[in-house]
Amino acid sequence: MSGWLKKHIIALKDLERREIELIFDAAQSFKEISQREVKKTPALRGKTVINLFFENSTRTRVSFELAAKRLSADVLNFSSSTSSLAKGESIIDIIKNLESYHPDIFVIRIGSSASLRTLTQYTKASVINAGDGKNEHPTQALLDMFTVKKARGTVENLKILIVGDILHSRVARSNIFGFQKFSSQVRVCGPSTLIPYEFDKLGVEIFYDLDKAIEDVDVIIMLRVQRERQALSFFPSLREYVDKFSLSPERLKRAKKDCIVMHPGPINWDVEISSSLKEQLHPLILRQVENGLAVRMAVLYLVGTRKK
Amino acid sequence: MDNFKERTKVLSAEDIKRILYRLAHQVVEKTPHPEDLVLLGIQTRGVYLARRVKKIIEGIEKTEIPLGILDITLYRDDLTTVGPSPLVKETKIDFDINDKVIILIDDVLFTGRTIRAALDEIMDFGRPRRVELLVLVDRGHRELPIRADFAGKNLPTAKHELVEVRLKDPDGTDEVVVLEPLK
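So the protein lines, in turn, are chains S and C. If you're matching positions, the first sequence starts at 2 in the working numbering and goes up one per residue. If you're matching positions, the second sequence starts at 1040 in the working numbering and goes up one per residue.
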């Protein structure tokens, strides 16, 4: 049984099935640690993790920060609003600067797509992608998949439906790459302006009608309407969006009986999901947050203890 | 165990059975209040041994003794140098260890580093009254000031040799063998 070898985690596209399974196994063990009286293990003692966020994020950053702390790493948070980016320093210079502190892992969120591979050249540390533009958000997809595995016992041979703003969604892309590695079929559904047509090349089925798309699916991932990314200018009105793409109790009945519904958060109730489903669906969505911590602990652990 | 061959069989199934009975009785003798007693097995052979010790003690005391599982991987002192990242197995202690007498159980006591890690992990779960160590084989070569309170067999070995404990569950047979490297 060979262990983890990769230095960076940039994209689910590059991970092998075996590696994803290793992350799930480790995450399972890390779930238990968060239930202890002392919620900490010395696994990454003496290691330094820098959270470098060039885009706003609270949830992902908080999750990574707590994950690193529960593994006893030292954590430094560096975000664009407080950083020298505002003073005109380039991203590469910022990384070179932080490199002087000899960090072991950089967790980076960045606005430009697929730029992380380049940034790895400027540091000796490992790089973990916490969202890069419209490209990928690997830990979000891993926690989605882990949640499905916990709820359904498997991530294999399922029908997965992703609904909403596919165009701007790195979560959608990472989930597509991830689930496809386990022979699950992925469908995407949303307004035609928010689904890039090249997506059929990724081997996904494209739907513009949610009532059809939802039929017989095992898992639904509702994406957030990203108002800050001008998503609203891609469809005529929010009311029309809600009418066509919001998940209502009637629509949910068309999916498989034991279908599970996930959302990366934060949720706009009555936009993506009808608030009458809140009581039924919110518990699992909150469990995603809990699983996210375990998955991020797993990823930090595997990368941080890899043999140099 | 590639590159190693069997040198001697040091314990048979009958030996192991008798040793476990003796060790369980010693534990009972030293712990007059069985309600204080909890067992913790170290992954993986320690867990199987702990299950057997539990059964024997319960037979004597006619009361249930809690059993927990300890995986010490995250507490290893060589974690960032062994690589690639060792697999983390399950730790499961679903009872309160505060003020309990813990019998920590492992198959072989060697350098003492595993036990050091286990002690650290135990302290993250609470503050036991006492922790005692039970091992099937003590093979010497300690690198830390740690000793067994209940030792099945003291076995002088050379440092380059391996001591392999095989148990009916999960290995199909009860025996302890010493392996030496192939020349």
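Where is the CB? At the ideal position from N, CA and C, for every residue including glycine.
Take the alpha-carbon of C/His1064 and the one of C/Met1162: they are about 27 Å apart. Residue-level contact by beta carbon fails for S/Pro139 and chain C, as no gap is shorter than 9 Å. Interface annotation for the stretch 41-64 of chain S against chain C: Lys41, Thr42, Pro43, Ala44, Leu45, Arg46, Gly47 and Lys48, criterion Cβ-Cβ distance under 9 Å. Proximity to C/Ala1190 across C/Tyr1060, C/Glu1160, C/Phe1134 and C/Glu1129 peaks at C/Tyr1060, based on C-alpha coordinates. With fewer than 16 other CB atoms across the displayed protein chains lying within 10 angstroms of its CB, C/Gly1211 is exposed.
Scanning the stretch 1082-1145 of chain C for uninterrupted alpha helix (DSSP H) segments of 4 residues or longer gives 1084-1100 and 1118-1121, listed from N- to C-terminal end. S/Lys150 counts as buried, since at least 16 other C-beta atoms from the protein chains shown sit within 10 angstroms of its C-beta. Here the alpha carbons of S/Ser234 and S/Ile177 stand approximately 25 Å from one another.
Using a C-beta cut-off of 8 Å, the stretch 1071-1080 of chain C makes no contact with the stretch 1194-1208 of chain C, since fewer than three inter-stretch Cβ pairs fall below that distance.
Where S/Asn98 is concerned, there is no enclosing beta strand (DSSP E), although the alpha helix (DSSP H) around it starts and stops at Ile92 to Glu100. Secondary structure at S/Asp166: coil, using DSSP grouped into helix, strand and coil.
Across the stretch 280-304 of chain S, CB contacts with chain C closer than 7 Å involve Tyr302 and Leu303, in sequence order along the chain.
Between the stretch 201-220 of chain S and the stretch 151-161 of chain S there are three or more C-beta pairs closer than 8 Å, enough to call the two in contact.
Of the residues assessed, S/Arg188 falls on the buried side of the cut-off, its CB having 16 or more other CB atoms within 10 angstroms. Secondary structure at S/Ile161: strand, using DSSP grouped into helix, strand and coil. Considering only beta carbons, the part of the stretch 16-28 of chain S lying closer than 7 Å to chain C consists of Asp26 and Ala27, in chain order. Contact check between the stretch 64-78 of chain S and the stretch 35-42 of chain S: three or more CB pairs, one atom from each, fall below 8 Å, which counts as touching. Within the stretch 1140-1157 of chain C, no residue has a Cβ lying closer than 7 Å to any Cβ of chain S. In its chain, beyond the 5 residues on either side, Lys182 and Phe183 have a beta carbon closer than 8 Å to the beta carbon of S/Arg18.
Taking 3 residues as the minimum length, the beta strand (DSSP E) runs contained wholly in the stretch 195-272 of chain S are 206-208, 220-223 and 261-263, in order along the chain. Only residues of its own chain outside the window of five on either side were considered, and among them Phe55 and Asp133 have a CB closer than 6 Å to the CB of S/Ile111, listed in chain order. Around the beta carbon of S/Gln122, fewer than 16 other beta carbons lie within 10 angstroms, which makes this residue exposed. When C/Arg1168, C/Lys1101, C/Glu1068 and C/Leu1109 are compared, the shortest CA-CA separation from C/Ala1089 is found for C/Leu1109. Look at the beta carbons and you see the stretch 1081-1088 of chain C touching the stretch 1140-1148 of chain C: at least three pairs across the two are nearer than 8 Å. In the three-state reduction of the DSSP assignment, C/Asn1042 falls in the coil class. Taking 9 Å as the threshold, the shortest C-beta distance from C/Val1216 to chain S does not fall below it. Between the C-alpha atoms of C/Leu1175 and C/Pro1125 there is a straight-line separation of about 25 Å. For S/Thr140, DSSP records no beta bridge to any residue. With a cutoff of 9 Å on beta-carbon distance, S/Lys8 and S/Leu16 are scored as not near each other. Runs of alpha helix (DSSP H) with 4 or more residues, each lying fully within the stretch 2-55 of chain S, are found at 18-34, listed in chain order. Put simply, of S/Asn57, S/Val50 and S/Met263 the residue whose alpha carbon is nearest the alpha carbon of S/Phe107 is S/Val50. In terms of beta-carbon proximity, S/Gly154 stays away from the interface with chain C, with every pair separated by 9 Å or more. Below the 9 Å Cβ cutoff, chain S contributes Asp26, Ala27, Gln29, Ser30, Phe31, Ala44, Ala299 and Tyr302 as neighbours of C/Val1127, in chain order. At least 9 Å separates the CB of C/Phe1189 from every CB of chain S. Residue state for S/Arg297 is assigned as helix, using DSSP reduced to three classes.
The three-state secondary structure of S/Ser113, taken from DSSP, is coil.
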